[in-house]
Each structure stands twice: as C-alpha cells, then as structure tokens.
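Residue numbers (the working numbering): 4 to 124.
Shown next, in the form of structure tokens:
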C-alpha cells in the first residue's frame, strides 16, 4: 500500500474528487469537453499531485507537488463558482463543495509548513 493513502489531505481530496465526478454527470452534454472536463481535471489533480509528491525522494520535491495541488484547489474554486452561477450546482452543493475545498487548502498549508520545518534528507 502506498503511503499517500495514509494522508488525511489525500483522503479528503480523493473523496471530493469522487463527489465532483458524480455531480458533474448531470451537467449538460455540451459541457462534456468544457466545464465538466475542466472541473474534473482540477479536482483530480489535487490528490494526484499529493500522491506523486509523497513518492518523491525528499521534502523539497514533496512540497513542490503540494504547492501544485494548492494551485489546483484554487482553480477548482473558480470552476465551482462558475458551475454555481451557470446553475449547474445549487447553493447547498456549491457551499458544501467550497467548504470541503477550503478544508483541503488549510490541510495542504499545514502540511507544507510542517514539512518545511523538518527537511527530509
């Protein structure tokens, strides 16, 4: 078993991605290669970068991938806003997804801070 699965931030971001995939199944078919693709890509990039970074040989590389994951989470926030304003997500779905995303961003920040204080050789 890979160690990335033991990270709470990976688990939360993976669950968010699963939730987003389910919700976007009902987006209009004309959004398949547009918004649906973009929101799924941003969401799945978060746990994917956490996993890839965890497999790297040192904390400096891991931190770099965590920063990329943060960028994807920030991008996701925009796609969620757009989805809500286009009325593809209702206010409750939007608020819930945003809350989950903000928790993931906070966890990523905490992990980056922690790793920065204890460099792995």
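All residues carry an ideal CB built from backbone N, CA and C; glycine is no exception.
Check                                                                                                    : Outcome
Member of 39, 11, 48 and 40 whose CA lies at the smallest distance from the CA of residue 77             : 48
First through last residue of the alpha helix (DSSP H) which encompasses residue 68                      : 62-88
Residue burial classification, residue 8 (beta-carbon count within 10 angstroms, cutoff 16)              : exposed
Rounded straight-line distance, which links the Cα of residue 31 to that of residue 41                   : 14 Å
Counted within 10 angstroms of its Cβ, other Cβ atoms place residue 72 as buried (16 or more) or exposed : buried
Selected residue, minimal CA-CA separation from residue 67, among 52, 79 and 80                          : 52
Distance CB(residue 119)-CB(residue 62) smaller than 9 Å                                                 : yes
Nearest neighbour of residue 142, chosen from 79, 91 and 70 [CA to CA]                                   : The chain is shown only over 4 to 124; residue 142 falls outside these bounds and no answer can be derived.
Which listed residue (86, 117 and 105) has its alpha carbon closest to that of residue 28                : 86
Backbone CA spacing between residue 99 and residue 75 [nearest angstrom]                                 : 18 Å
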